[in-house]
Amino acid sequence: MRMSLRWMLLLALAVVAFGVQAAGGRQKGKLEQTQDAYAAAIRWGDFEGAWSFVEPAYAKAHPMGEFELRRYEQIQVSGYRGLSGLVEPDEVVVRLIEVRVINRHTQAERTLRYRERWRWDAEAKRWWLVGGLPDFWEGE
Numbered sequence: 000m001r002m003s004l005r006w007m008l009l010l011a012l013a014v015v016a017f018g019v020q021a022a023g024g025r026q027k028g029k030l031e032q033t034q035d036a037y038a039a040a041i042r043w044g045d046f047e048g049a050w051s052f053v054e055p056a057y058a059k060a061h062p063m064g065e066f067e068l069r070r071y072e073q074i075q076v077s078g079y080r081g082l083s084g085l086v087e088p089d090e091v092v093v094r095l096i097e098v099r100v101i102n103r104h105t106q107a108e109r110t111l112r113y114r115e116r117w118r119w120d121a122e123a124k125r126w127w128l129v130g131g132l133p134d135f136w137e138g139e
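As structure tokens, then:
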């Protein structure tokens with residue numbers, strides 16, 4: 000009897016551990032789907048669509064107005080690729096991105112790098128982009 004209780008306890012622990020691992024796997028899968036959809040929006044110049052990935056608190060505090068949207072219309076993204084990623088201590092996922100951008104007026108292309116920061120929202124069960132869209136002008 001004592002042996003079967005021990006086995007039942009081990010089995011229960013294994014099931015719990017598998018459940019936790021499966022939940023982490025689902026979160027990672029959702030992150031990849033979210034990042035792919037966001038990257039597609041950026042690549043195709045759908046900056047309003049890309050804005051929908053921005054964390055709601057940031058979006059409310061820093062609304063994107065007509066001026067910002069018109070500014071994004073002046074560029075064409077010709078390349079977008081992830082270079083590396085890491086997880087910060089506060090469980091924010093950071094991804095270094097390289098983007099090639101063409102100025103529609105001058106047809107000059109340049110390459111820049113920026114960091115995307117993604118935060119898991121357990122309540123909404125989705126990933127949010129922390130800090131808004133990239134600044135393709137870097138002070139220009």
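The opening residue of the sequence shown carries number 0 in numbering that gives the first Met the number 0; numbering runs sequentially from there. Beta carbons are placed, not taken as given, at the ideal position from N, Cα and C, and that holds for glycine. Owing to the predicted nature of the structure, the values given are computational and were not obtained by experimental measurement.
Within 8 angstroms, strictly: CB atoms of residue i and residue j
i: Phe135; j: Ile74; result: yes
i: Leu30; j: Val76; result: no
i: Tyr71; j: Phe52; result: no
i: Glu108; j: Ile101; result: yes
i: Tyr57; j: Ala49; result: no
i: Ala125; j: Thr33; result: The question names Ala, but residue 125 is Arg in the sequence shown. Contact flag set, yes.
Residue i in three-state terms, based on DSSP
i: Asn102; result: strand
i: Asp120; result: strand
i: Trp136; result: coil
i: Gln73; result: coil
i: Trp43; result: coil
i: Glu108; result: strand
i: Glu31; result: helix
i: Gly64; result: coil
i: Gly78; result: strand
i: Gly24; result: helix
i: Gly48; result: helix
Nearest-angstrom Cα separation, counted from residue j out to residue i
i: Arg99; j: Tyr79; result: 6 angstroms
i: Leu68; j: Arg94; result: 24 angstroms
i: Trp127; j: Ser83; result: 19 angstroms
i: Lys59; j: Glu122; result: 18 angstroms
i: Val129; j: Arg103; result: 28 angstroms
i: Pro88; j: Thr110; result: 29 angstroms
i: Leu132; j: His61; result: 11 angstroms
i: Glu137; j: Val86; result: 25 angstroms
i: Thr105; j: Gly28; result: 40 angstroms
Given 8 angstroms, three or more beta-carbon pairs between the region 40-48 and the region 105-116:
no
Is it the case that the region 55-65 contacts the region 24-37, given that we only count it when at least three CB pairs across the two stretches are under 8 angstroms?
no
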